[in-house]
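Q: Protein chains in written order, with our numbering: chain Z, 667 to 841; chain P, 25 to 491; chain A, 9 to 293.
Here it is, the structure, as structure tokens.
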Amino acid sequence: MTRRIVLGLFKDFDQAFAAIAEIREHKVPGVSVDDVILKSPIEHPEVEEVLGERPAHVPKFTLAGAIFGMTFGFLFLASAQATFLVQPQGGKPVVPLPSNFVLTYEMLILFGVLFTLVSFIVGAGLFRRRPPLYSEMISLDQVGVMLEVEEEQAEALKELFRRHKVVEIREEAVR
Amino acid sequence: MQTKDINEQIAWAKINKDVLRSMENPRSGYWIAVGICVAMVLVAILAEIYQYNAGLGVGNLNWPHMWDLYIATFIFWIGMSHSGTLLSAILHIVHADWRKPIYRFAEAMTTFSLMTAALFPVLHLGRVWNMYWVLPYVSDRGLWPNFRSPLIWDAFAIFTYLTSSALFLYVGMIPDLAICRDNAHGWRRKLYTVLSLGWAGTDRQWRHFRKAYLLMACFLIPLAVSVHSIVSSDFAMSIMPGWHVTTFPPYFVAGALYSGCAAIITLFVLLRYFFRFEEYMTIPILEKTVKLTFAIAMVWSYLWIIEFLAAWYGGHKADVEILVSKFTGPYSPFFITMIFCGTVLPFTLAFERLRRHLPTMFVVSLLFNLGMWLERWMIVTPTLAQAYHPFAWNVMWPSVVQWAIVFGSFGWFGLLFLVFVKIFPSVSMYEVKEMVYHRRRHVVEELAVKYHRRAGDPQPVTDNPGT
Amino acid sequence: MSLKNLLENWSRYRRGHEQGGYHDYEHMWAMVIDLDKCIGCNACSVACYAENNLAVVGEERFARNQAMHWMRIERYWDEPDLERAGKLEHGEYQQYGASFLPMNCQQCNAATCEPVCPVAATYHTPDGLNAQVYNRCIGSRYCSNNCPYRLRFFNFWSYYETSWPKPLDMQLNPDLTVRDKGVMEKCTFCVQRIRAAKDKAAREGRKVRDGEFQTACQQTCPTTAIVFGDLLDPESQVSRMWRYYEVELGKTEQHKRHPERRGYRIMEELNTDPCILFLERVREV
């Protein structure tokens, strides 16, 4: 049982979305809209309407990062200060809250940003080998619809693409 | 007169082509500019070597003028770094799409002016070789930096801001780096392949990208405000008259936005002229930026007036004396110039003719930044010259060494920027594509032709050029 | 470990100057300078140069305000207070002679220089001294900028290279260092003498006696205008003088029962809590 990856390149979003709409209606048996990978030069503003809600967990990590940064920042500063008793005080307490607040705030933002970045890279699947079947036209002005299907469904899928004036179809066997 | 921010009929392929063209084949003028910048940096390096070996006395620093141009210029560069990221982030959050053609170089400006600013607190130190002592690292002697010191806050704030704004710039550039990767050859292709992190434009990547970018923008707004507030704490947290001012944090933030916006205008004019970006960096976008600058200039003017009124009304003797000496003392020519450049000159922006006139805007924006640089100097020095203890009153003029290092910092910034524009796309291609895509969906061509178009708007193309 | 320390001692770590601070002071070294006795002879300043290895910077650098006088005699000709009171015509000052103000580090207990140092190079010792750690200093010079008295001096050059040509280097005090360029320095209340006296007392198993040692400026003053001692010792001369002149530490304003007693601290309204009590000059007008 071999599987194939099929990529259809369309001239614009409308044609690609029409093709996806047909996939949604199960015009090709056994192929679900959830398997569709849309490749585009920009993000279409209503892409959820077409593909359905798909998860992105970035905000949770951002929140976690901010909370971590805040707690870690304050405890780090305060415990450093509490073990460093010859520090200059100028009449201020050993653990001064106002200045620690300022630094805690910076740490909150720093770790918030770093966690956001990491969750973006992990979540978006970057830093891996580029997926097969990439066309340079996608970074220019064409919209790609990519699916991994069974060998026998590939022909029906390509037929569907052609109905929607696909510009180019590329395919590749899954190794 | 052109009123549209961008011609929504520009084909996506043309956007790629125009921006990628700007990154290729530097002309001789580019190399001359690089040469000038390198020469400026060399001057500063020589001055710094001299100062490093001889001591800070070569800068004419003395008692009580312990700080002078270095700290003033440090604040200047920190300030300049504020507009890029802050405006980009704010305008991104409120979906002001006219930011899209200009935000990339503005963010680059942020990062590079921060990298310039960060040099100054280092090289103004008496013992530069021990600068790492300000970092909070675990040492076997149980020593820590003093977390009460606003200078340590500076170190934290600059580190956080440099990291965050560089990441913001970079993350926003990943889709564009993928475009570069697809079109480059040789070493550039290798570079962009690494930098674009395997971006393929899938819906999953875009979805995470949008969330992450928005969240980073949300972080950067309070961060930018806090960074310049912290820099102002170097002064506001001190006890000195003329420094110990409650309104300094907002005053510094407003001044930062002001000089940053002025720098954006300067670079806008330069990039538009040299890279032929007339179709992206359009006059209406310039006009919007200029209007924003005008508003910020007025906020800034209000805040300095309030600062002086507070000193006057408060009647603290030392405060009042410094205030009077700013207007009448030895530094008064610079102070008056600062008021002229910062508060009087912005009224040129009230005239539409001037707002849309590129050479005028170029000159005026440079003068704004001159005024803002003087402002920082006039914050630092008069207080040192004339603080509480009258025996220590003294007037000092910086020596050529200080001027050389300040001069060289502009070369350093220019060099970083020049390298940037040839390696990275200085106009965001994917966002301009988004911009024209959105606008194209909302435009009714017949109406545009019939009613909305004024002379000078680009002619609508009758046959659809496709996406 | 650290967290436990933090939680156990939290209230102690949160005590500011107003609540007595974290430190329990062993001593509180303080000074009284009687301006009425000061004749402006600069002997204290010279003694300080000799005792503390202060660099002699030369005429040119002195003119550029790069000198290192920890102890300086300030000379004022004008008398704005008397003029305002109508007791003196403008320009009539000289015949009344100059006023002198010896200024050395005020050893503030809530020192403004301390909290701004980025690397903790200046801090408060349990002796009540405002110490400067030369080895730790990186020369950000913020402390000097934040000193309202401008009593901190910076090594703008490697002064030692020219300051003591041979054989003058033989006169350097071996009890303390010679500073190189890039560090801040200031009056220490002759900390090396304090150290020696404390060590001697510890060896002999007793407390430091009042008057057991003197600071260099005090030792040299021909009119004994400078008195130095421990404020925590109620019987010391300094303590008795502070009590008599009704000046107390920890206040921003002194309410005296006898306003005619002339002691004051310079700029105490800034809440720096300086440890030097000045006795006002008595003018005959």
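Glycine included, each C-beta is placed from N, C-alpha and C at the ideal position.
Going by C-alpha distance, which of A:Cys116, A:Cys121, A:Val124, A:Arg144 is nearest A:Asp135?
A: A:Cys116
Q: Using C-beta distances below 7 Å, list every residue in its chain close to Z:Val694, excluding the 5 sequence neighbours before and after it, in chain order.
A: Gln819, Ala822, Leu823, Leu826
Q: Nearest to P:Tyr461 by CA position, among P:Tyr54, P:Gln26, P:Ala37, is which residue?
A: It is P:Ala37 whose Cα lies nearest to the Cα of P:Tyr461.
Q: Kindly indicate if chain A contains any beta-carbon less than 7 Å away from that of P:Trp157.
A: yes
Q: Can you say whether A:Lys208 is buried or exposed, counting buried as having 16 or more other CB atoms within 10 angstroms of its CB?
A: exposed
Q: Taking 7 Å as the cut-off, decide whether the C-beta atoms of Z:Ser805 and Z:Pro721 are in contact.
A: no
Q: Could you name the residues that DSSP lists as bridge partners for Z:Gly810?
A: Z:Leu675, Z:Lys705
Q: So, is A:Gln60 buried or exposed, given that buried needs 16 or more other C-beta atoms within 10 angstroms?
A: According to the sequence as given, residue 60 of chain A is Asn; it is not Gln. Buried, by the Cβ-count rule.
Q: When the Cα atoms are used, what is the spatial distance from P:Val456 to P:Lys214?
A: 25 Å
Q: Beta carbon of P:Ser137, beta carbon of P:Leu281: below 7 Å?
A: Not closer than 7 Å, so no.
Q: When you compare each of P:Pro174, P:Val162, P:Ala260 to P:Pro145 by their alpha carbons, which one comes out closest?
A: P:Pro174
Q: Mind checking P:Asp42: buried by the 16 CB within 10 Å criterion, or exposed?
A: buried
Q: Taking Cβ to Cβ, would you say A:Asn154 is nearer than 7 Å to A:Val124?
A: It is a contact, given that the beta carbons lie within the stated cut-off.
Q: Under 7 Å, Cβ to Cβ, is there at least one residue of chain P near A:Cys125?
A: Yes, because at least one Cβ of chain P sits closer than 7 Å to the Cβ of A:Cys125.
Q: Any beta carbon of chain A sitting closer than 7 Å to that of Z:Pro764?
A: no
Q: Who are the Cβ neighbours of P:Ala409 in its own chain at under 8 Å, not counting the five residues just before and after it?
A: Pro88, His89, Ser349, Gly353, Pro354, Tyr355, Trp417, Asn418, Val419, Met420
Q: Since Z:Gln819 is in the beta strand (DSSP E), which residue starts that stretch and which ends it?
A: Premise fails: Z:Gln819 is in no beta strand (DSSP E) and is neither H nor E.
Q: Nearest chain A C-beta to P:Phe144 closer than 7 Å, yes or no?
A: no
Q: When the Cα atoms are used, what is the spatial distance from A:Val235 to A:Lys206?
A: 18 Å
Q: List the residues of chain Z that A:Thr120 touches, going by C-beta distances under 8 Å, in chain order.
A: Chain order gives the chain Z residues near A:Thr120 as Gly756, where near means a beta carbon separation below 8 Å.
Q: Please list, in chain order, all residues of the same chain as P:Met459 whose beta carbon is under 7 Å from its beta carbon, the five residues on each side excluded.
A: Ile30, Asp121, Lys124
Q: With Z:Met736 as the anchor, note down where its alpha helix (DSSP H) starts and where it stops.
A: 724-748
Q: Kindly indicate which three-state DSSP category P:His232 falls into: helix, strand or coil?
A: helix
Q: Anyone know if the C-beta pair for P:Ala141 and P:Phe98 falls short of 7 Å?
A: yes
Q: Note down the Cα distance separating P:Phe272 from P:Leu316, rounded to an integer number of angstroms.
A: 21 Å
Q: Against Z:Leu675, what residues of chain A qualify as contacts under a CB-to-CB distance less than 8 Å, listed in chain order?
A: Within 8 Å Cβ-Cβ: nothing; Z:Leu675 doesn't reach chain A, min ~58 Å.
Q: Going by the C-beta, is A:Cys125 closer than 6 Å to any heavy atom of the ligand MN?
A: The model depicted lacks the ligand MN and carries no ligand whatsoever.
Q: Whose Cβ in chain A lies nearer than 8 Å to the Cβ of P:Ala411?
A: Pro156, Arg158
Q: DSSP three-state label for A:Met39, please.
A: strand
Q: I'd like to know whether the C-beta of Z:Ala748 is nearer than 7 Å to at least one C-beta of chain A.
A: True, the Cβ-Cβ gap to chain A drops below 7 Å.
Q: Inspect the beta-carbon positions of A:Phe162 and A:Trp37 and report whether they are closer than 7 Å.
A: no
Q: Got a sec? Which residues, its chain only, sit under 6 Å from P:Met362 by beta carbon, not counting five neighbours each side?
A: Gly395, Leu398, Glu399, Met402
Q: What are the start and end residues of each continuous alpha helix (DSSP H) run of 4 or more residues lying completely inside the segment 135-204 of chain P, in chain order?
A: Taking 4 residues as the shortest admissible run, the segment 135-204 of chain P contains the following complete alpha helix (DSSP H) segments, listed from N- to C-terminal end: 143-147.
Q: For P:Ser262, would you say it is in contact with chain A, using Cβ-to-Cβ distances shorter than 7 Å as the test?
A: yes
Q: Within a Cβ cutoff of 7 Å, which residues of the same chain sit near P:Thr184, ignoring the five residues on either side of it in sequence?
A: Leu247
Q: So the alpha helix (DSSP H) P:His116 belongs to, where does it begin and stop?
A: 93-117
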